[in-house]
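First to last, the protein sequences are chains A and B.
Numbering-wise, the first sequence is residues 1 to 334 according to the working numbering.
Numbering-wise, the second sequence is residues 1001 to 1334 according to the working numbering.
Notes follow once the structure below has been shown.
There are 2 protein chains.
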Amino acid sequence: MIDVAEAAGVARSTASYVLNGADESIPEVTRQRVLKAAEELGYRVNRIAQHMARRRSGLVGLIIPSIREPFFSSLTATLNELIQDQGLRLVFQVVDFEKGRDASALALQELIEWQVDGMVVHLEHASDLPKFQPLLQGTPTVYFGIDSAMRELGGLPNSYSICIDLYSGTRYAVEKLIDMGHRRFCFVDRMFARNDSRREATIDALRSRGVHSLVTLESDHEEVPQRVEAMMKSGEAPTAFVCLNDIHGLAAFRGIRNAGFSVPEHVSIVSCDTSWIGAYADPSLSGIALPLREAAVEAANLLKLAMSGEETETRSLTIEPQLMLRQSTGPVQC
Amino acid sequence: MIDVAEAAGVARSTASYVLNGADESIPEVTRQRVLKAAEELGYRVNRIAQHMARRRSGLVGLIIPSIREPFFSSLTATLNELIQDQGLRLVFQVVDFEKGRDASALALQELIEWQVDGMVVHLEHASDLPKFQPLLQGTPTVYFGIDSAMRELGGLPNSYSICIDLYSGTRYAVEKLIDMGHRRFCFVDRMFARNDSRREATIDALRSRGVHSLVTLESDHEEVPQRVEAMMKSGEAPTAFVCLNDIHGLAAFRGIRNAGFSVPEHVSIVSCDTSWIGAYADPSLSGIALPLREAAVEAANLLKLAMSGEETETRSLTIEPQLMLRQSTGPVQC
DNA sequence: TTGTATGCGTTATCAT
DNA sequence: ATGATAACGCATACAA
Chain A
1 MIDVAEAAGV ARSTASYVLN GADESIPEVT RQRVLKAAEE LGYRVNRIAQ HMARRRSGLV
61 GLIIPSIREP FFSSLTATLN ELIQDQGLRL VFQVVDFEKG RDASALALQE LIEWQVDGMV
121 VHLEHASDLP KFQPLLQGTP TVYFGIDSAM RELGGLPNSY SICIDLYSGT RYAVEKLIDM
181 GHRRFCFVDR MFARNDSRRE ATIDALRSRG VHSLVTLESD HEEVPQRVEA MMKSGEAPTA
241 FVCLNDIHGL AAFRGIRNAG FSVPEHVSIV SCDTSWIGAY ADPSLSGIAL PLREAAVEAA
301 NLLKLAMSGE ETETRSLTIE PQLMLRQSTG PVQC
Chain B
1001 MIDVAEAAGV ARSTASYVLN GADESIPEVT RQRVLKAAEE LGYRVNRIAQ HMARRRSGLV
1061 GLIIPSIREP FFSSLTATLN ELIQDQGLRL VFQVVDFEKG RDASALALQE LIEWQVDGMV
1121 VHLEHASDLP KFQPLLQGTP TVYFGIDSAM RELGGLPNSY SICIDLYSGT RYAVEKLIDM
1181 GHRRFCFVDR MFARNDSRRE ATIDALRSRG VHSLVTLESD HEEVPQRVEA MMKSGEAPTA
1241 FVCLNDIHGL AAFRGIRNAG FSVPEHVSIV SCDTSWIGAY ADPSLSGIAL PLREAAVEAA
1301 NLLKLAMSGE ETETRSLTIE PQLMLRQSTG PVQC
């Protein structure tokens, strides 16, 4: 830029004003001269230097447990669009909860070292909050998650939260299944799963309706088909499967078919996070659709609010998912 | 850091040495004092300042057309792991080719403004190279793509390329279908598709074997089922579908079923980019599996090489995909 | 071995 | 309206 200033015959500060500052109070002639010089020299700002001087990085951090899963890649994509529209840049940090207790702390610090101006943190459980909260003092943060406990996250200064209420959604879905006559359930969870809203809601729904037959499977989706097949062949097989997401749903589906049962005649399946993947199955998977875009939009809005610095009241949003009854659910056949 | 130095009673430079520099020649006592002070003050490097002084950002840019699609989110995830292992940080930039001609140039410049030390660029077509090449002078770059023309990308200084040879893979798959007796084909492409290896390979395979019946569909996957259904119901329906990926494959599948045909008895389907999604369909989708992790590993290796600064010869890698014959393909029934 | 001084590219605060 | 100059937080060559 110093070169540009020289070439245009003006001071550095003038060039800076023209190129990146407020446009006020610079005569058109000078402007054009500077612009022309910049063009000719192929000048590009150095954002690192710029943000060092401005003392704001223009970075927004995103903490997620995975980016391969459709749910998170979709979230990342949408958030990225919205963040970019605000003239900021998204940097994501995948934090693997399985790799030690303080992996999350390290991940956060990496982002903090990059001086992020704001942060969106996916919270698997509201109870993880204490791990993050102390490290995020002074960083405008939006917490994002499906744990219904997040709804009571109010009262934190400079932090906002969004909850996709998967608890209610799942509970409603399971009750629907009970209404259809199902009495033996199986919950298909991921490997090393921690108890989340989906499982809790399933358990609560069954308990409240006096249904006591629930088997829980914890597997990577690759293992699910054979485990489900074995289960279906041995003794009192479940008639209803509640699955973590479409991947696990399809995997369970495969196991059920392999055991010689058909959906929805013998067995019903519900996915707790369904998308086009489940929609294209045959029969198509019933499930709970999460309004991801809506949630991302709200997250971006809250973040903007948080980053504006204006001390507004802490806000906690709840978004209701939608139950999609497609073809994989039906009344139990005697 | 200046605080840390003061607290430890040493000079700033000493603190700097201990915290981030080479560990040589600093007495253990001093080291510990500095480390303790840093610990107590909760010191974190400011990477922006650090990289400004070092004149290297520690950033690697990734240019991709989407992050929502499984192929790219998976690529991003793997690349991110590998890049992070090298002590670098990945920043991605989604560039939507549909939004104007020079969107790609702008996207690149954004990353360049961030002073990325290296770049991984997904090239949809080798012919897009001229758009990027001039802007990437001086930035170690690895080009990544499925266009077979990329294999002849040699001769560029400081740039490397990796090609997943989808042309060969697709051509082989289509020839297999011809061997099975298929004579009427449909290629299911995305909306606003540009001609890519998959389509070219399909056309070439058919032509070389004297098969002249090919219909091409360009649609978002949401539209595919009804369009395929309509096609199946009218006149001479295709007996073989070659689909862009599993999403389009499943969508076509749905249309075929809706029209009252079954797979693979009446119709065969092949996906040009298959994954667990196709594997869990019923019948499971045959297709070409791209060794994404392998490709990402090679990309990371090449990038390391490129960024090492050592002037090695330009390298161009080709990776062969694998044909997975599952259940959606079979001989044509008369 | 440790301290001093300077530079990195930009913005911002002043004078002019 | 424009130009000089001091930060910004850290790394490093060089001096002590």
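Yeah, the Cβ is synthetic: ideal placement off N, Cα and C, and Gly gets one too.
| Per DSSP, what kind of secondary structure is GLN86(A) in: helix, strand or coil? | For this step, residue 86(A) is matched to residue 86 along the first sequence. If DSSP states are grouped into helix, strand and coil, GLN86(A) belongs with coil.
| task | List the residues of chain B that VAL45(A) touches, going by C-beta distances under 7 Å, in chain order. | result | Against the first sequence, residue 45(A) aligns to sequence position 45. Correct list: GLU1113.
| request: Give the straight-line distance between the Cα atoms of ILE63(A) and LYS131(A), rounded to the nearest whole angstrom. | output: Taking the first sequence and counting its residues from 1, one reaches residue 63(A) at position 63. Taking the first sequence and counting its residues from 1, one reaches residue 131(A) at position 131. Cα to Cα, the separation comes out at about 13 Å.
| query | In the region 237-264 of chain A, which residues sit with their C-beta less than 8 Å from some C-beta in chain B, listed in chain order? | reply | ILE247, LEU250, ALA251, PHE253, ARG254 and ARG257
| Expressed to the nearest angstrom, what Euclidean distance is found between the alpha-carbon atoms of ALA296(A) and ALA1205(B)? | Taking the first sequence and counting its residues from 1, one reaches residue 296(A) at position 296. Taking the second sequence and counting its residues from 1, one reaches residue 1205(B) at position 205. For ALA296(A) and ALA1205(B), the gap between their C-alpha atoms comes out near 44 Å.
| field | Any alpha helix (DSSP H) of 4 or more consecutive residues that is wholly inside the region 42-98 of chain A | value | Here the runs fully enclosed are 47-54 and 70-85.
| message | Quick check on the DSSP output: what are the complete beta strand (DSSP E) runs of length 3 or more inside the region 169-228 of chain A, in order along the chain? | response | 184-189 and 213-218
| query | So which residues of chain A does SER1073(B) contact, with C-beta pairs closer than 7 Å? | reply | Start at 1 with the first residue of the second sequence, and residue 1073(B) comes out as number 73. Contact annotation for SER1073(B) against chain A: ILE67, ARG68 and SER73 [CB-CB distance below 7 Å, chain order].
| message | For ILE1277(B), tell me which candidate among ALA1251(B), THR1170(B) and GLY1021(B) has the shortest Cα-Cα distance. | response | Stepping through the second sequence from its first residue, residue 1277(B) is reached at position 277. The shortest Cα separation from ILE1277(B) among ALA1251(B), THR1170(B) and GLY1021(B) belongs to ALA1251(B).
| Expressed to the nearest angstrom, what Euclidean distance is found between the alpha-carbon atoms of LEU1111(B) and GLN137(A)? | Indexing the second sequence from 1 puts residue 1111(B) at position 111. Indexing the first sequence from 1 puts residue 137(A) at position 137. Looking at the two C-alpha atoms, the distance is approximately 29 Å.
| task | Output yes or no for whether 8 Å exceeds the beta carbon distance between GLY61(A) and MET150(A). | result | Taking the first sequence and counting its residues from 1, the one referred to as residue 61(A) is at position 61. Taking the first sequence and counting its residues from 1, the one referred to as residue 150(A) is at position 150. By the CB criterion at 8 Å, GLY61(A) and MET150(A) fall outside the cutoff.
| query | How is the beta strand (DSSP E) around MET307(A) delimited, first residue to last? | reply | Mapped onto the first sequence, residue 307(A) falls at position 307. Counting along the chain, MET307(A) falls outside any beta strand (DSSP E), though it belongs to the alpha helix (DSSP H) covering 292-308.
| Touching by the beta-carbon criterion (3+ pairs, under 8 Å), the region 17-33 of chain A and the region 1083-1103 of chain B | They do not touch, by the three-pair rule.
| Environment of GLN115(A) [buried if 16+ CB atoms lie within 10 Å] | If you number the first sequence from 1, residue 115(A) lands on position 115. Burial call: buried.
| field | Proximity test, Cβ basis, 8 Å: ILE1063(B) and chain A | value | Position 63 of the second sequence, counting from 1, holds the residue named residue 1063(B). By this cut-off, ILE1063(B) is not an interface position.
| said: Using only CA atoms, which one of ARG56(A), ASP189(A) and TYR160(A) lies nearest to SER316(A)? | reply: Here residue 316(A) corresponds to residue number 316 of the first sequence, with the count starting at 1. For SER316(A), the closest of ARG56(A), ASP189(A) and TYR160(A) by C-alpha to C-alpha distance is TYR160(A).
| query | Which term fits HIS1221(B), buried or exposed, when burial requires 16 or more other beta carbons within 10 angstroms of its beta carbon? | reply | For this step, residue 1221(B) is matched to residue 221 along the second sequence. Buried, by the Cβ-count rule.
| query | For the putative contact between ASN1020(B) and GLN1050(B), defined by C-beta atoms under 8 Å, what is the C-beta separation to the nearest angstrom? | reply | Numbered from its first residue, the second sequence carries residue 1020(B) at position 20. Numbered from its first residue, the second sequence carries residue 1050(B) at position 50. Between ASN1020(B) and GLN1050(B), the beta carbon gap of about 7 Å places them in contact (Cβ cut-off 8 Å).
| Where do the ends of the alpha helix (DSSP H) carrying HIS125(A) lie? | The residue given as residue 125(A) occupies position 125 in the first sequence. Taken as a continuous stretch (DSSP letters only), HIS125(A) belongs to no alpha helix (DSSP H), as it is neither H nor E.
| request: Using a cut-off of 9 Å between C-beta atoms, extract the partners of GLU1094(B) located in chain A. | output: What you label residue 1094(B) is simply residue 94 of the second sequence in a count that begins at 1. One detail in the question is off: residue 1094(B) reads as Val in this sequence, not Glu. Within 9 Å Cβ-Cβ: ALA77, ASN80, GLU81 and GLN84.
| Closest by CA to CYS272(A), which one among ARG254(A), GLY235(A) and ASP189(A)? | Residue numbering aside, residue 272(A) sits at position 272 when the first sequence is read from its first letter. Of the candidates ARG254(A), GLY235(A) and ASP189(A), the one whose C-alpha sits nearest the C-alpha of CYS272(A) is ASP189(A).
| field | Reduced DSSP category for PHE261(A) - H, G, I as helix; E, B as strand; rest coil | value | As a first step, residue 261(A) must be located in the first sequence, where it is residue number 261. Note: PHE261(A) maps to coil in three-state DSSP.
| request: Take the Cβ of PRO238(A) as the centre, count every other Cβ of all protein chains shown within 10 Å, and call the residue buried at 16 or more, exposed below. | output: Position 238 of the first sequence, counted from the start, is the residue given in the question as residue 238(A). With 16 or more other Cβ atoms within 10 Å, it is buried.
| LEU355(A) and VAL4(A) closer than 8 Å at C-beta | The requested residue 355(A) does not occur in the structure, where chain A is confined to residues 1 to 334.
| field | CB-CB length for VAL242(A) against VAL270(A), believed under 8 Å | value | Along the first sequence, read from residue 1 onward, the residue named residue 242(A) stands at position 242. Along the first sequence, read from residue 1 onward, the residue named residue 270(A) stands at position 270. VAL270(A) and VAL242(A) do touch by the CB rule: their CB atoms are close to 5 Å apart, below 8 Å.
| query | With a cut-off of 8 Å, do at least 3 Cβ pairs link the region 280-294 of chain A to the region 66-86 of chain A? | reply | yes
| field | 8 Å Cβ cutoff, VAL4(A) in contact with chain B | value | By one-based count along the first sequence, residue 4(A) stands at place 4. So, not an interface residue.
| query | On the premise that GLU1124(B) lies in contact with ASP1196(B), defined as a C-beta separation below 8 Å, what is that separation, rounded to the nearest angstrom? | reply | In the second sequence, residue 1196(B) corresponds to position 196, counting from 1. In the second sequence, residue 1124(B) corresponds to position 124, counting from 1. About 7 Å; that satisfies the 8 Å criterion.
| request: Measure the C-alpha to C-alpha separation of SER1208(B) and ALA1201(B) and round it to an integer number of angstroms. | output: For the purposes of this step, residue 1208(B) is identified with residue 208 of the second sequence, where counting begins at 1. For the purposes of this step, residue 1201(B) is identified with residue 201 of the second sequence, where counting begins at 1. Approximately 10 Å, taken between the alpha carbons.
| Which of helix, strand or coil does DSSP assign to GLY9(A)? | Walking along the first sequence from the start, residue 9(A) turns up at place 9. Note: GLY9(A) maps to coil in three-state DSSP.
| task | Drop a sphere of 10 angstroms on the beta-carbon of GLN322(A), count the other beta-carbons inside from all chains shown, and report buried for 16 or more, exposed for fewer. | result | As a working mapping, residue 322(A) is identified with position 322 in the first sequence. Per the 10 Å Cβ criterion, exposed.
| chain A contact residues for GLN1109(B), given Cβ-Cβ distances below 9 Å | Here residue 1109(B) refers to the residue found at position 109 when the second sequence is read from its first residue. Within 9 Å Cβ-Cβ: ARG44.
| How about TYR1280(B) and ARG257(A): do their beta carbons lie closer than 8 Å? | Walking along the second sequence from the start, residue 1280(B) turns up at place 280. Walking along the first sequence from the start, residue 257(A) turns up at place 257. In this structure, ARG257(A) does not lie closer than 8 Å to TYR1280(B) by Cβ.
| Less than 8 Å separating the beta-carbons of ALA1299(B) and PHE1144(B)? | Here residue 1299(B) refers to the residue found at position 299 when the second sequence is read from its first residue. Here residue 1144(B) refers to the residue found at position 144 when the second sequence is read from its first residue. Against a cut-off of 8 Å, the Cβ pair of PHE1144(B) and ALA1299(B) comes out as a contact.
| said: Using beta carbons (cut-off 8 Å, strictly below), is ILE1277(B) in contact with chain A? | reply: By one-based count along the second sequence, residue 1277(B) stands at place 277. With 8 Å as the cut-off, ILE1277(B) counts as an interface residue toward chain A.
| query | Which chain A residues are close to ALA1049(B), counting only those with a beta carbon under 7 Å from its beta carbon? | reply | Mapped onto the second sequence, residue 1049(B) falls at position 49. Near ALA1049(B) (Cβ distances below 7 Å), the residues of chain A are MET52.
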